[in-house]
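Each remark here refers to the structure printed beneath this line.
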C-alpha cells in the first residue's frame, strides 16, 4: 500500500525539478499555466521518491550490480564477471547520487518553508546518508557547493570538499535531525508516505543515532577523539537501533521491474542476473565451518554432487545420475527442473569420478573436485564458469556442481527481501568494537552477542542462536577479528558496509583471486568522466589529493587502488 504511491510521487518530483531547473528567462518563456508551481510542492510527495531511490541504489551497491559483494567475497559471478570478480573497474559516474540530493534538497526547502519539522529531519538524515555513501565510495566530492547550480553559474562546477569536511558535516546533520525527531512533531505528515517507518519519529531518531555511530566509527583511525566522543554520546543517549524490528529497511511491492528485488526473475526473462550469481567460497567456508543456520536461507545445495568412486572405469561420469543410475544423454537440468525433481519427487542427483584417474584441466579447471553438498566459487577465478568441472559452460543453464544462491532471491519482493540501510546487528557490532577499544560503550561481549542474535533474527533462524553462539569459532574471544568476522557475515546483502569496514580495519583478512590484476583488494571508485571533463580543475585537484600506491597502476592517482584521506597514514588495509 505505502510504496504504491512512489510512482505518482516520482512523476510529480520530476515535473517539479524540471520546472525548478530553468533560469528566470526560460521560466518566463516556457511557463505552463497548467503546470506545477515548485513553491506548491508537497514534501510528502517527494519523500518516497528519495527514500526508494536511495534504498535501491544502496542495495545495488551491496547485492545488485555494484561489484561490492564480489569485492568483499560474499558472492561471485560466472558470467560477465571481470568487474565483479577481478576488480577491472573503469570510471564510475555519481549522477544518480547527486540526482537524489537534488530531490532531497527540494524536499528540505519545502519542509522549511512549510515549517514541517519531521520532513526536515528526514531530509537531513537522507542527505547525511547520501553524502556519506558518496565520500565513502569516491573520496573528496562536491559538498558545500553541490546541487546549487540553479543559484549561480559559478556553482555549476562545484569544488570538491575534503572527506574530513564531508564527514564532519554529516555528523552535524545527523545531530540536527535527531533533535528534530526528539520533538515528535509530525505536522503535515500524510500517512503511508514514509516508506521506511511510516512517520514514527522515535524510529527515525534511532536510525539517525545508528548513522552517527557508523560515521563516528568511520573516523576512528583519522580523528580518534571525535570518533570516541561521537560514539560515547550516542551510547549514553540510548537512542540507536537496538532491535531488529527497528532496522531501517525498504520492502519491495514487486509489481514491476522498478519496484522489485534486483535479482528477480519475473522481470528478467532469461534469469541471467540471478543465475550467474553464486556464493563465494570464502563466505561459504565460514558458514560451513561454524554450522551457521543462515547458510540454508542464503544458499542452495549443489544440484549434482560429486561422488568419489575408485572403481569407476573412467575419470568422470559423462552424464548425471538419478538415485545412483546414469541418465544417458543428460548432462544438466535447469534450476526449475531440479526443484521439481528433488523437492517434490525426492530424487537425488550425483556424478561419479575416479580420484586416481581424474586430472584437472588448467587454466579452466584447477585443483581437486569439490565433493561437498554446498560449493561456492573461489574469488577471482580466471574461468569461473568452468569451476568444479561444469558440464554446461556459458549462461544457458546453471553450473550443476556449484551452489546457486537461494531461490528466495529470485523473488520480486516480500518476506525477507528488503533493502537494509542500517540495522541492530550493525549497531551492536560497532558498540562491541568501541567497548573493545576501551570507550564508554557498554560490554563488548554483550554487544557482540546481540549483534549475532539480531542478524539471525533478521533471517529467521534466531531459534538456533544458543547453539551457534557457543561454537568454538563463534563464541566471543575478546578480539577485534572475531567481531569483524561476524559483522562481515551479517552484512550479507549490505556488502558496502563490509567493504568500508575492511578498508578501515583490514578485517576479515581477504585476498583477491588469481585473475585480479593486483594482489590486494581495491579501495575506492574511480572518479567519472563527467566530472573529469566538465569540472576538470576541481576534479583534478581532488585527484591530486589521493595517495598513489604501488598498486595504483597506469591510472595513477585516480585508481581503485589509491588511498583517499580516510585511509592515508593508517596503514590499513594494506
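Residue numbers (mature numbering (1 follows the signal peptide of the UniProt record, and there is no 0)): -24 to -1, 1 to 550.
Where a beta carbon is used, it is the ideal one built from N, C-alpha and C, also for glycine.
Being a predicted model, the structure only gives us computed values, none of them experimental.
Over the uninterrupted beta strand (DSSP E) stretch that includes residue i, give me the two end residues.
i: residue 325; result: 325 to 329
Going by DSSP in three states, residue i sits in which element: helix, strand or coil?
i: residue 226; result: strand
i: residue 197; result: coil
i: residue 538; result: coil
i: residue 24; result: helix
i: residue 57; result: coil
i: residue 161; result: coil
i: residue 136; result: strand
i: residue 425; result: helix
i: residue 15; result: helix
i: residue 550; result: coil
i: residue 189; result: helix
i: residue 530; result: helix
i: residue 170; result: coil
i: residue 615; result: Here the chain comprises residues numbered -24 to 550, so residue 615 is not present and cannot be evaluated.
i: residue 29; result: helix
i: residue 510; result: helix
i: residue 231; result: coil
i: residue 249; result: helix
i: residue 213; result: helix
i: residue 494; result: coil
i: residue 545; result: coil
i: residue 206; result: helix
i: residue 125; result: coil
i: residue 39; result: coil
i: residue 483; result: coil
i: residue 143; result: helix
i: residue 34; result: helix
i: residue 130; result: helix
i: residue 148; result: helix
i: residue -2; result: Its pLDDT being 35, under 50, residue -2 is placed unreliably in this model, and the value from its coordinates should be taken loosely. Three-state result, residue -2: coil.
Spell out the partners DSSP gives residue i in its beta bridges.
i: residue 52; result: 254
i: residue 503; result: 68
i: residue 523; result: 539
i: residue 117; result: 137
Since residue i is in the alpha helix (DSSP H), which residue starts that stretch and which ends it?
i: residue 80; result: 71 to 90
i: residue 239; result: From DSSP, residue 239 is part of no alpha helix (DSSP H); its letter is neither H nor E.
i: residue 114; result: 93 to 114
i: residue 47; result: 44 to 47
Within 8 angstroms of any Cβ in chain B, is that where the Cβ of residue i sits?
i: residue 112; result: Given the protein chain composition of this structure (a single chain), no chain B is represented.
Tell me whether residue i counts as near the ligand ATP, meaning its Cβ is closer than 7 angstroms to at least one heavy atom of that ligand.
i: residue 158; result: With respect to the ligand ATP, the structure offers nothing, as it holds no ligand at all.
Q. Is the number of C-beta pairs between the segment 385 to 402 and the segment 422 to 435 that are closer than 8 angstroms three or more?
A. yes
Q.
Give the list of continuous alpha helix (DSSP H) stretches no shorter than 4 residues that lie fully inside the segment 430 to 481.
A. 441 to 445, 456 to 466, 471 to 481
Q: Within the segment 330 to 418, note down every full beta strand (DSSP E) run reaching 3 residues or more, in order along the chain.
A: 394 to 398
Q: May I have a chain-ordered list of the alpha helix (DSSP H) segments no shorter than 4 residues that lie completely inside the segment 263 to 330?
A: 271 to 274, 311 to 314
Q | Cβ contact (3+ pairs, closer than 8 angstroms) linking the segment 201 to 209 and the segment 173 to 181 | A | no
Q. Would you call the segment 78 to 89 and the segment 378 to 389 touching, i.e. three or more CB-CB distances under 8 angstroms?
A. no
Q. Three or more C-beta pairs closer than 8 angstroms, one from the segment 57 to 68 and one from the segment 265 to 282: is that the case here?
A. Touching, no, given that fewer than three Cβ pairs across the two stretches are closer than 8 angstroms.
**Q.** Validate contact between the segment 248 to 256 and the segment 353 to 361 using beta carbons, cut 8 angstroms, 3 pairs
**A.** yes
Q. Taking three-plus beta-carbon pairs below 8 angstroms as touching, is the segment 138 to 153 in contact with the segment 104 to 112?
A. Yes: the two stretches touch, three or more of their Cβ pairs being nearer than 8 angstroms.
Q. If you pair each beta-carbon of the segment 491 to 500 with each one of the segment 520 to 538, do three or more pairs fall below 8 angstroms?
A. yes
**Q.** Three CB pairs or more closer than 8 angstroms across the segment 460 to 473 and the segment 92 to 106
**A.** no
(Q) So, does the segment 239 to 246 touch the segment 206 to 226, judging by three or more C-beta pairs under 8 angstroms? (A) no
Q.
For the pair the segment 126 to 141 and the segment 500 to 519, tell me if three or more CB-CB distances fall below 8 angstroms.
A. A contact between stretches requires three or more CB pairs, one per stretch, nearer than 8 angstroms, and the segment 126 to 141 meets this requirement with the segment 500 to 519.
Q. Below 8 angstroms, can you find three or more Cβ-Cβ pairs linking the segment 470 to 488 to the segment 35 to 49?
A. yes
Q: Please confirm if the segment 225 to 243 is in contact with the segment 320 to 332, defined as three or more CB-CB distances below 8 angstroms between the two stretches.
A: no
Q: Would you check if there are 3 or more beta carbon pairs closer than 8 angstroms linking the segment 19 to 29 to the segment 153 to 167?
A: yes
Q | At least three beta-carbon pairs within less than 8 angstroms, the segment 278 to 285 to the segment 340 to 356 | A | yes
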